[in-house]
Structures are given as C-alpha cells and as structure tokens.
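Counted the way mature numbering (1 follows the signal peptide of the UniProt record, and there is no 0) counts, the sequence shown spans residues -20 to -1, 1 to 142.
Below is one structure, written out as structure tokens, with a few remarks after it.
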Amino acid sequence: MRRIVLMGVCVMLLASGCNNDNNDGGDDISPDRRVTATLNGTSAVPTNTSAAMGAVDGNYNEATNILRLNVTYQDSMMVGDTLTGDSLMAFVPTGWHIYKSAAANELGESMFDLGSTFSSPYQYTDTLTEAQERDLLDGLYYLNVHTAAYPEGEIRGQLRVE
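Pasting the structure below:
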C-alpha cells in the first residue's frame, strides 16, 4: 500500500513540474499579421474599366505598431484606337494614398501619403497610432492609386488583415 501511495505522490510531483509552454496566459497569436489587397478599377470610386491592376502584400506587427507594405502594379499597355486613331492613356501614377472609409464603395479621408516615388514593387513602412491600428484591424483602410486619367483613383483595394 505504501508503494502505491508513494508512486501516486511521485506521479503528482512529476506532473506538477510540467509546464505547457504554449499556455502563458496570453494569446498564441504571432504579433505579425498579414496585410493584403487586390487593386483594380472595379474597386475604384467611381468604378472604371482600366486594365491596370496591382496588389498589396505586407504585414502589421501588433507589438511594435509597424506596418510594412509591398505594393506592386502592372501598367496597362499604351493602346491605339484603330477606329478613331486616338491613343488611350497609359497607366502612370500621379499619387497614392491609404484612405479611411467606413464603406468599400465610398471615398474616404486620406490618412497616409505613400510619397512621389512610383515604382513597382514599392516598399512602404509606417508606425501606426493605437487609433490607426484599430482602424486597420477593423478593415477601414484602402489603398488608392491616382492617375491623370482617373484623379479620384484608377485602381483601389481594401486592406485586409489576416
């Protein structure tokens, strides 16, 4: 009987010394969250038939509040209209910003200017405030690329955080 009790005590001592390293009371979620968007003319406001397209792929670190985005776009080709002889304007960015809007089909307030260097790919990094972090995580931000042909934005995409 003493052996059984002694064995039971040993098992309990061994079990109490075990630690579940994955359960520290906090979330098991990495502080890095993926941020993506698909940029196109059908998402722009107003919508358009531009052949230009782009993408956003990046991450947001919740511990440091740093947003890193890799923005790419593909120019539509300069095309001539064979019936009229007119040439259609090529996709040449004149500005790009991240806007805040409660609805995906509305124009919003400019929150971040991505600068005047237009290259693809383009890396953008910024540190967000706590309020901006909430807006990003709530899906309120979209990226908009402006051109001379579409000053309100030729291609646009809602930033999604995974």
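For each residue, glycine too, the CB sits at the ideal point set by N, CA and C.
Everything numeric in this text was worked out from a predicted model, so none of it was measured.
Just to confirm, is the Cβ distance from Ile135 to Tyr79 under 8 Å? no
With 8 Å as the threshold, decide whether the Cβ of Ser23 is near any Cβ in chain B. No chain B appears in this structure, which consists of one protein chain only.
How is Leu120 classed by DSSP in three states: helix, strand or coil? coil
For the segment 45 to 115, list the alpha helix (DSSP H) runs that are entirely contained and at least 4 residues long, ordered along the chain. none
Please return the same chain residues whose Cβ sits closer than 6 Å to the Cβ of Arg14, not counting the five positions on each side in sequence. Asn39, Glu142
Three or more C-beta pairs under 8 Å: does that hold for the segment 94 to 108 against the segment 19 to 31? no
I'd like the list of long-range same chain contacts for Arg140, defined as Cβ closer than 8 Å, with 5 residues on each side in sequence excluded. Val15, Thr16, Ala17, Gly119
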